[in-house]
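Here the structure comes first, spelled out in structure tokens, and everything after it is commentary.
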Amino acid sequence: MAELKLTNVAKTYGGSVDVLRDINLDIEQGELIVFVGPSGCGKSTLLRMIAGLEKITGGTLEIEGAVMNDVPPAQRGIAMVFQSYALYPHLTVRENMAFALKIAKKPKAEIDAAITRAAKILQLEDYLDRLPKALSGGQRQRVAIGRSIVRDPKVYLFDEPLSNLDAALRVATRIEIARLKESMPDSTMIYVTHDQVEAMTLASRIVVLANKGIAQVGTPLELYETPDNEFVAQFIGSPAMNLLPGEIIETGQMTRIALDAGGTAVSAITTQASQLGMRVNVGVRPEDLTQTDDTPLFQGTVDFTEALGEVTLIYVDRPDGGEQLIAKLPGIHKGLRGQAIKLGANPTKVHLFANGQSLRLG
Ligand SMILES: Nc1ncnc2c1ncn2[C@@H]1O[C@H](COP(=O)(O)OP(=O)(O)OP(=O)(O)O)[C@@H](O)[C@H]1O
Ligand SMILES: [Mg+2]
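The opening residue of the sequence shown carries number 1 in UniProt numbering; numbering runs sequentially from there.
Written out as structure tokens, the structure reads:
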């Protein structure tokens with residue numbers, strides 16, 4: 001039985017603003033599910049509906065088999081950690097963590113044991129008697145997480161918990177969250193983030209939300225390697241996957257596509273769905289393009305380069321005037337600007353889409 005089961009869950013604000021429809025999702029115990037998607041797509045709304053902070057306007061939410069739609073937040077066995085960690089400034093770390101348990105009139109010995117356990121997991125043992133103002137941003141966020149851990153919830157919900165931290169602290173706290181999850185293998189977590197690296201590194205599965213629904217659910221590598229549609233293909237990975245329009249000119253062992261921009265692409269994808277003459281978009285990730293002289297997929301003029309040290313991003317103008325192609329080549333490449341460049345890709349790395357959907361699915 002799934003720990004959390006969402007069936008046709010929908011959300012309409014004020015009877016008219018339609019935000020989410022037909023969300024179907026099973027989450028197993030011990031998973032760390034990450035919600036990603038464009039700003040305003042409903043990530044926080046979905047999380048808040050699971051927490052019970054927002055009314056579910058359609059469908060059902062079950063936790064361990066029991067329908068939760070009308071169960072108050074405190075009785076769902078869920079704890080939520082927000083982006084802005086509102087600690088009580090006049091209470092110590094220990095008192096902040098004890099707060100909810102004291103309100104719930106738990107015995108002192110139980111509260112102490114819960115705090116000792118949480119402080120150990122979060123490495124806050126040396127800070128228990130400090131006030132929040134004497135802590136760094138990352139330590140405060142850990143206290144906020146500690147307040148959830150002491151309640152020993154079945155499910156943890158995180159809404160962009162690291163987005164207020166600077167870059168270095170984000171990385172450190174991200175690793176702490178990964179360790180936290182490892183130390184609590186049976187706890188189920190749902191985590192909302194804008195950060196691709198957080199999503200790719202933390203998630204057991206990623207849920208991509210778009211256009212009021214789920215665009216795809218899969219492990220991070222499934223989404224990266226086999227996106228179901230153009231939206232997911234371009235949303236996961238940075239810079240985004242290049243899409244080049246063209247027409248299928250050969251099917252069989254391989255699919256061959258004449259690109260509008262002039263070159264020829266060869267894809268290892270062969271399905272019933274690939275028909276001669278069919279209009280497709282050829283998708284190639286910037287990191288899958290290589291400089292080549294024989295049968296290039298693409299030739300163009302380098303407009304701009306960005307040297308990132310380990311890799312160089314090459315922005316190439318398309319002969320047909322379409323959107324620039326981006327290649328990510330290993331190492332440092334100087335003096336390419338204004339030069340002609342020929343790029344190719346391994347057929348196993350070439351994706352094909354028709355009407356926005358992957359042909360692999362056909
Ligand atoms: N109380 C409300 N009344 C009406 N519309 C709302 C309300 N709260 C949120 N919305 C709308 O619902 C949509 C989803 O909002 P939500 O906050 O869930 O998005 P999000 O994916 O979390 O975005 P972000 O990445 O910017 O945090 C938005 O279009 C928003 O304007
Ligand atoms: Mg949000």
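The C-beta atom is built at its ideal place from N, Cα and C for all residues, glycine as well.
Alpha carbon of A10 to alpha carbon of A210, nearest angstrom: Translated into the one-based positions of the sequence shown, residue 10 becomes position 10. Translated into the one-based positions of the sequence shown, residue 210 becomes position 210. Taking the straight line joining both Cα atoms gives about 14 Å.
Buried versus exposed, by CB contacts within 10 Å (16 or more), R170: Indexing the sequence shown from 1 puts residue 170 at position 170. R170 comes out buried.
Considering only the beta carbon of each residue, do V67 and T45 sit closer than 9 Å? By 1-based counting over the sequence shown, the position of residue 67 is 67. By 1-based counting over the sequence shown, the position of residue 45 is 45. In this structure, T45 does not lie closer than 9 Å to V67 by Cβ.
Compare the beta carbon distance of V71 and F235 with 9 Å and say whether it is the shorter of the two. Against the sequence shown, residue 71 aligns to sequence position 71. Against the sequence shown, residue 235 aligns to sequence position 235. Not in contact: V71 and F235 (Cβ atoms no closer than 9 Å).
On the DSSP letters alone, give me the boundaries of the alpha helix (DSSP H) that V350 sits inside. If you number the sequence shown from 1, residue 350 lands on position 350. That residue, V350, is in no alpha helix (DSSP H); it is neither H nor E in DSSP.
Out of curiosity, what's the CA-to-CA distance linking L32 and G356? On the sequence shown, position 32 is the one that residue 32 refers to. On the sequence shown, position 356 is the one that residue 356 refers to. Cα to Cα, L32 sits roughly 29 Å from G356.
Taking the Cβ atom as the reference point for each residue, do G344 and L259 lie within a distance shorter than 9 Å? As a working note, residue 344 is residue 344 in the sequence shown. As a working note, residue 259 is residue 259 in the sequence shown. No; because the gap between Cβ atoms is not below 9 Å, this pair is not in contact.
Measuring from the CB of D195, is there a heavy atom of ligand 2 at a distance below 8 Å? Counting from 1 along the sequence shown, the entry for residue 195 is found at position 195. It does not: the Cβ of D195 is nowhere closer than 8 Å to a heavy atom of ligand 2.
Once the 5 residues before and after Q299 are set aside, which same chain residues still bring their CB inside 8 Å of it? For the purposes of this step, residue 299 is taken as the residue at position 299 of the sequence shown. Once the five neighbours on either side are set aside, the close Cβ partners of Q299 are G262, G263, P319, A340, I341, K342, L343.
Please find out if some non-hydrogen atom of ligand 1 comes closer than 8 Å to the beta-carbon of G52. Sequence index remark: in the sequence shown, residue 52 carries index 52 (1-based). Not so, every heavy atom of ligand 1 lies at least 8 Å from the Cβ.
Heavy atom of ligand 4 within 8 Å of E160 beta-carbon: No copy of ligand 4 appears in this structure; the ligands present are ligand 1 and ligand 2.
Local conformation of P185 per DSSP, three classes: The sequence position of residue 185 within the sequence shown is 185, counting from 1. Coil, per DSSP.
Just the C-alpha distance for G52 and K212, rounded to the nearest angstrom, thanks. The residue you call residue 52 lines up with position 52 of the sequence shown. The residue you call residue 212 lines up with position 212 of the sequence shown. Between G52 and K212, the C-alpha separation is close to 20 Å.
Below 8 Å CB to CB, which residues in the same chain sit around D293 once its five sequence neighbours on both sides are set aside? Here the question's residue 293 lines up with position 293 in the sequence shown. Excluding positions up to five away in sequence, the list reads K342.
Any heavy atom of ligand 2 inside 8 Å of the beta-carbon of V192? Taking the sequence shown and counting its residues from 1, one reaches residue 192 at position 192. Answer for V192: yes, Cβ within range of ligand 2.
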